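So the structure is just underneath, and the comments pick up after that.
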Amino acid sequence: MKTKTFISAIVLAAVAVSGSSALAKGPRPTFQELDADGDGQVTQAEIAAHRNQKFTAADTDGDGQLSVEEMQAAAQVKADERVSKMFEKHDANSDGFLSEDELPKPRRASKMFERIDADGNGSISEPEYADAKDRMGRKHKRHQKSDTDNN
């Protein structure tokens, strides 16, 4: 059982690390974080200032450029924060470990499975999987293009 818990914790940490990025993606800022002057409105200047603040925080040597090491360090800080929050939220017995039962359950997993299972036979074929992957790739590219268009 301890091995299972340890493996679960390692998997959880790996997901947190790989799922984080230093600047470009990750958790979206709250409205309150963007609304720097607290007037209930977010301006383009406030968004730019927020982005600049994130860049400046990651640029630890102050040279106006981000190195691989600085990006990795910023991503690691975010990953550490996410793992800590996950433990605070899900370690029900406060033993410092997450058992398989304590791990968060995937949201909308069955709905996503049903969407991918195009023929509704209860299993996902290789072509269905490839089609879903292609759709997600196109969606991701559109999202990246709209992000670029907004900068």
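Read left to right, the sequence shown gives residues -24 to -1, 1 to 127 (mature numbering (1 follows the signal peptide of the UniProt record, and there is no 0)).
Glycine included, every Cβ here is placed at the ideal spot set by N, Cα and C.
Note that the coordinates shown come from a computational prediction; the quantities given were computed from them, not determined experimentally.
Taking a 10 Å sphere around the C-beta of Glu64, we find fewer than 16 other C-beta atoms and assign the residue as exposed. In this structure Val18 is in contact with Phe7, their Cβ atoms being roughly 7 Å apart against a cut-off of 8 Å. Restricted to the segment 67 to 94, the alpha helix (DSSP H) segments that are unbroken, complete and at least 4 residues in length are 85 to 92, listed in chain order. Contact between the segment 105 to 112 and the segment 76 to 94 is established, with three or more Cβ pairs separated by less than 8 Å. Considering only Ala33, Lys61, Met62, the residue with the shortest C-alpha distance to Gln48 is Ala33. Membership of Gln29 in the alpha helix (DSSP H) is indicated by the continuous run 20 to 34.
For Leu42, there is no enclosing alpha helix (DSSP H), as DSSP marks it with neither H nor E.
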